[in-house]
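Protein chains: 2
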Amino acid sequence: MKAIAITHILQMEPSLTQITLRGWVRSFRSNRFIALNDGSTINNIQCVVDFENFDEAVLKEVTTGAAIEVKGTLVASQGQGQDVEIQVSDIEVLGKADPEEVKLTILSPKRHSLEKLREQAHLRVRTNTFGAIMRVRSKLSFAIHEYFQKNDFYYMHTPIITGSDAEGAGEMFRVTNLDPVKPPLTDDGSVNYAEDFFEKETNLTVSGQLEAETYAMGLGKVYTFGPTFRAENSNTSRHLAEFWMIEPEVAFNDLADNMDLAEDFIKYVVNYALENCADDLEFLENRLLQEEKSKPQAERSEMALRDKLKFVLENNFKRVSYTEAIDILKSSKPNKKKKFKYLIEEWGADLQSEHERFLVEKHFKCPVILFDYPAKIKAFYMRLNDDGKTVRAMDVLFPGIGEIVGGSQREERYDVLKEKMAAMDISEEELHWYLDLRKFGTCVHSGFGLGFERLVLFVTGMGNIRDVIPYPRTPGNASF
Amino acid sequence: MKAIAITHILQMEPSLTQITLRGWVRSFRSNRFIALNDGSTINNIQCVVDFENFDEAVLKEVTTGAAIEVKGTLVASQGQGQDVEIQVSDIEVLGKADPEEVKLTILSPKRHSLEKLREQAHLRVRTNTFGAIMRVRSKLSFAIHEYFQKNDFYYMHTPIITGSDAEGAGEMFRVTNLDPVKPPLTDDGSVNYAEDFFEKETNLTVSGQLEAETYAMGLGKVYTFGPTFRAENSNTSRHLAEFWMIEPEVAFNDLADNMDLAEDFIKYVVNYALENCADDLEFLENRLLQEEKSKPQAERSEMALRDKLKFVLENNFKRVSYTEAIDILKSSKPNKKKKFKYLIEEWGADLQSEHERFLVEKHFKCPVILFDYPAKIKAFYMRLNDDGKTVRAMDVLFPGIGEIVGGSQREERYDVLKEKMAAMDISEEELHWYLDLRKFGTCVHSGFGLGFERLVLFVTGMGNIRDVIPYPRTPGNASF
């Protein structure tokens with residue numbers, strides 16, 4: 001008989017029809033109440049066993065972590081905590097879980113730290129916390145596709161292995177097939193990449209933006225959602241060597257359109273999570289409350305998780321130019337009292353995380369979009385403003401997360417782009433195709449990148465980015 | 001004023017309200033009819049210019065490939081070929097396209113070969129053919145997510161950089177940050193990967209299956225959709241070094257369930273394309289008809305593109321055991337007449353593309369699912385049948401494409417798996433986590449992999465896999 005998913009059983013009306021369900025035992029109390037979970041929802045279903053009618057040897061194998069098949073009828077629950085439960089007529093143990101071994105793993109009911117669970121990344125998804133996170137992650141992924149598809153964007157896969165080293169977003173990983181001990185060399189002693197698989201040096205992409213621009217010039221509105229890489233030795237709670245990024249790119253959009261898109265998009269996906277992940281978010285909200293109980297009052301969140309998500313939906317993102325932001329920061333208390341690690345002294349300073357957090361969390365108390373940054377601290381492809389010193393860049397800053405989106409209107413003028421590339425020493429030969437876009441029907445266009453894991457961090461209320469991706473890659477860590 | 005996408009304008013009723021549209025000029029006939037395209041659809045909108053009312057200098061810049069903004073009203077068309085057209089009141093040229101330069105690129109109206117266009121991969125999406133392919137590709141991607149999400153699967157991102165070399169699906173690319181000329185060596189002269197970024201040797205993934213299994217054991221039903229890599233020197237029309245793969249994995253599914261899932265899934269996404277890509281598929285069908293006109297009758301498709309897609313929807317996939325298939329092949333005409341390159345002489349032979357195509361295209365004349373293959377020609381993780389010599393593997397074979405899906409029920413028995421790993425020399429230490437799944441609540445489970453580009457090939461009727469991905473990676477080629 002086909003098994004029914006527990007998430008659906010919990011929505012069904014009691015009935016005399018026998019049903020089948022399969023899942024893993026979360027607990028077995030009093031030789032009578034099996035809490036069964038199949039991963040379809042955070043909620044267990046209670047399966048009530050009349051132990052006198054069952055073989056004792058079978059019941060002995062119904063232990064935490066075991067996989068079982070249950071047959072029975074759905075009845076109104078007599079107990080508290082659930083509306084319905086299964087009156088069990090039949091149990092089959094499909095896969096045992098040795099209780100002694102279970103004690104040593106995460107399947108044990110005692111609490112394990114998040115750090116410890118990272119070492120058991122293949123089992124941690126069986127816990128309530130990671131089950132909830134990964135279900136939310138999945139729903140957010142779908143919300144992203146649904147948003148763009150509903151709004152006439154085309155999804156494109158930009159290359160992961162890239163022959164271009166001009167993306168400029170950070171350190172890259174080399175991809176190679178050459179002899180690792182004795183690579184072939186050229187006469188001048190450098191590696192002879194002509195003998196490599198792609199007959200040139202190749203790296204893992206740091207961004208699909210430049211390729212996405214090529215497609216926006218044909219399809220109009222496109223987005224990417226794929227893995228990107230940074231070979232940076234930063235062991236922080238916000239950085240991964242491998243992470244997923246979403247990059248929409250839209251022909252004919254200027255910077256104001258780009259801000260509208262970013263705000264509308266983020267609100268859509270956050271709302272989608274609120275509507276489609278209610279149980280998981282409730283669990284994660286309570287988890288966060290518990291976790292914060294051990295912190296001093298001042299470090300606790302001002303809002304509960306779901307209130308924070310609703311706050312994002314209900315408020316406009318405050319749009320502030322870099323120049324205004326510098327004025328606010330210059331005359332701010334932490335700047336005057338020298339509490340900032342990097343004091344803001346003049347226009348042109350690069351903003352640090354402490355400044356961004358001050359603006360978002362203390363000054364405006366809402367998501368902020370900073371725009372029109374100094375050209376010299378931003379990438380070569382950003383549209384130069386008429387003032388000749390700022391570019392049409394934008395960063396969306398979120399409370400607790402910092403930068404969640406970075407984007408810009410792109411420089412669409414051939415001559416200006418060529419000049420900037422020369423000034424920044426970017427090879428024209430390498431990017432001839434990117435320049436071509438400005439030769440044939442160039443137009444105003446804009447886009448942004450959103451780091452997916454930062455979004456998942458925000459929505460789940462987790463504190464470390466390693467806990468919101470199945471198998472995190474960080475310096476020294478590529479297990480599994 | 002906000003521009004409206006041409007795909008929507010073509011659905012609107014004529015009206016006196018002025019609207020704005022932006023796009024690229026496909027042609028400008030008789031100084032009067034601009035065919036404008038914005039990528040939102042394969043269809044151009046005709047913009048009618050009363051040239052006496054326009055500055056001649058502006059009209060001179062309205063050339064193929066130029067980006068323009070048009071204002072006007074939507075009126076019923078007087079001409080043939082379209083229901084509505086734009087009566088233009090205003091034109092602004094946003095980005096010119098020098099006609100002399102255009103002649104040298106794909107923007108020129110004369111036909112270019114598909115091969116030639118690959119060298120201009122940054123511009124080819126502006127052609128009708130590649131615009132259509134990439135829109136279909138996007139819709140198919142969404143259909144995949146929609147199918148799984150509707151059916152309670154959770155999407156997971158399996159790692160791209162993997163420390164495991166036991167995936168066993170093919171040659172891998174190395175990912176490294178070590179000095180490319182003089183890598184650090186250990187005392188025994190091998191590369192000292194302890195000094196590399198991840199402190200071990202790492203490669204690009206060839207499959208997310210093993211990690212997907214870990215999540216199926218927690219979330220029940222999961223799927224991946226991500227890039228995978230093969231460092232194989234095969235320059236064929238069906239292989240890429242970088243391609244996208246979909247891998248569902250379901251706890252408690254046996255091989256029959258797995259076949260049901262594969263068939264239901266493929267039919268869903270093919271139907272989605274038929275329903276949501278009508279115009280693009282019509283174009284691609286006609287393109288294929290044109291292309292085949294130059295071929296001898298015998299090599300032409302028996303069915304038009306959309307008929308072929310409907311045929312897949314309307315027919316059950318024929319399920320045939322490997323053993324039956326061998327019997328059919330042994331006594332087939334091409335085997336007896338020695339027309340096969342590899343003659344089928346006995347049970348145990350690995351099937352080649354010629355055999356698969358014979359079964360699908362000549363014998364059964366429909367999609368075929370082959371199952372229960374000899375254990376010795378399949379991977380270690382496949383469930384051994386009680387006969388001790390076959391495994392619960394399955395391949396879905398499609399006309400013109402060959403293998404589109406490969407999958408299996410997984411070996412869920414700890415002892416059997418351990419034994420097979422030892423026999424096949426697969427490191428237990430490396431895969432301790434994979435063995436763990438069989439220790440804690442193991443259960444029957446199954447999954448498969450579908451090469452996304454092969455699906456796109458099938459649905460678009462294209463002949464070369466390099467033409468259905470934006471930037472193909474093949475031996476010697478990682479341009480852009």
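Respectively, the protein sequence lines represent chains B and P. Just so we're aligned, residue 1 is where the first sequence starts under full-length UniProt numbering, counting upward by one. Just so we're aligned, residue 1 is where the second sequence starts under full-length UniProt numbering, counting upward by one. Just so it is clear, CB atoms sit at the ideal spot from N, CA and C, and this is done for glycine as well.
Taking residue i as the reference, which of the options has the closest Cα?
i      : options                           : result
N44/P  : L219/P, V84/P, F51/P and P14/P    : V84/P
G441/B : M245/P, F265/P, E61/P and E119/P  : E61/P
K2/P   : D467/B, D254/B and A393/B         : D254/B
P470/P : M156/B, G79/B and R26/B           : M156/B
A304/P : A143/P, D436/P, L288/P and I42/P  : L288/P
V456/P : L281/P, K389/P and E419/P         : L281/P
R126/B : L114/B, I106/B, K139/B and A143/B : I106/B
D55/B  : L117/B, D90/B and I401/B          : D90/B
R300/B : D425/B, Y268/B and G461/B         : G461/B
A278/P : L59/P, L140/P and Y215/P          : L140/P
N233/B : T73/P, K295/P, V49/P and E199/P   : E199/P
A349/P : K310/P, T390/P, L309/P and Y193/P : T390/P
E92/P  : G79/P, E419/P and I68/P           : I68/P
R319/B : C366/B, E292/B, L59/B and V444/B  : C366/B
K378/P : E356/P, E361/P, G406/P and M259/P : G406/P
K418/B : H445/B, M382/B and S446/B         : M382/B
D395/B : N258/B, R306/B and F173/B         : N258/B
N271/B : N385/B, V368/B, L309/B and Y223/B : L309/B
Looking only at DSSP bridge pairs, what is residue i linked to?
i      : result
R174/B : N203/B and T176/P
P367/P : Answer by DSSP bridge pairing: none, since P367/P is not bridged.
S27/B  : A35/B
Q409/B : S446/B
N477/B : T474/B
D307/P : D307/P is not bridged to any residue.
T20/P  : A3/P and K71/P
R319/P : I369/P
Pop quiz: residue i and residue j are said to be a contact at Cβ under 8 Å. What is the actual Cβ separation, rounded to whole angstroms?
i      : j      : result
F364/B : S332/B : 12 Å between Cβ atoms; not a contact.
P472/B : R466/B : 4 Å
E410/P : E213/P : Per the sequence shown, residue 410/P should be read as Arg rather than Glu. With 8 Å as the limit, R410/P and E213/P qualify as a contact, their Cβ atoms being about 6 Å apart.
V206/B : F229/B : 6 Å
L370/P : Y322/P : 6 Å
K71/B  : T20/B  : 5 Å
I326/B : N335/B : Actually they are not in contact, since the Cβ atoms of I326/B and N335/B sit about 10 Å apart, beyond 8 Å.
A57/P  : W24/P  : Rounded, the Cβ-Cβ distance is 20 Å, inconsistent with contact.
R26/B  : L10/B  : Actually they do not touch by this definition, with Cβ atoms about 14 Å apart.
E195/P : L178/P : 7 Å
Would you mind sorting residue i into buried or exposed? The rule is 16 or more other CB atoms within 10 Å of its CB.
i      : result
S164/P : buried
V181/B : exposed
D387/B : exposed
E119/P : exposed
K221/P : buried
K439/P : buried
D432/B : One point to set straight first is that residue 432/B is His, not Asp, in the sequence displayed. Exposed, by the Cβ-count rule.
T176/P : buried
D264/B : exposed
A423/P : exposed
N235/B : exposed
F51/P  : exposed
W244/P : buried
Q149/B : buried
A298/P : exposed
Is it true that the CB of residue j sits closer than 8 Å to the CB of residue i?
i      : j      : result
V136/P : A273/P : yes
S40/B  : T63/B  : no
P227/B : I160/B : yes
I401/B : F448/B : no
G480/P : H239/P : Note on identity: in this sequence residue 480/P is Phe, with Gly being the wrong assignment. It is not a contact, given that the beta carbons lie outside the stated cut-off.
N464/P : S237/P : yes
V269/B : A143/B : yes
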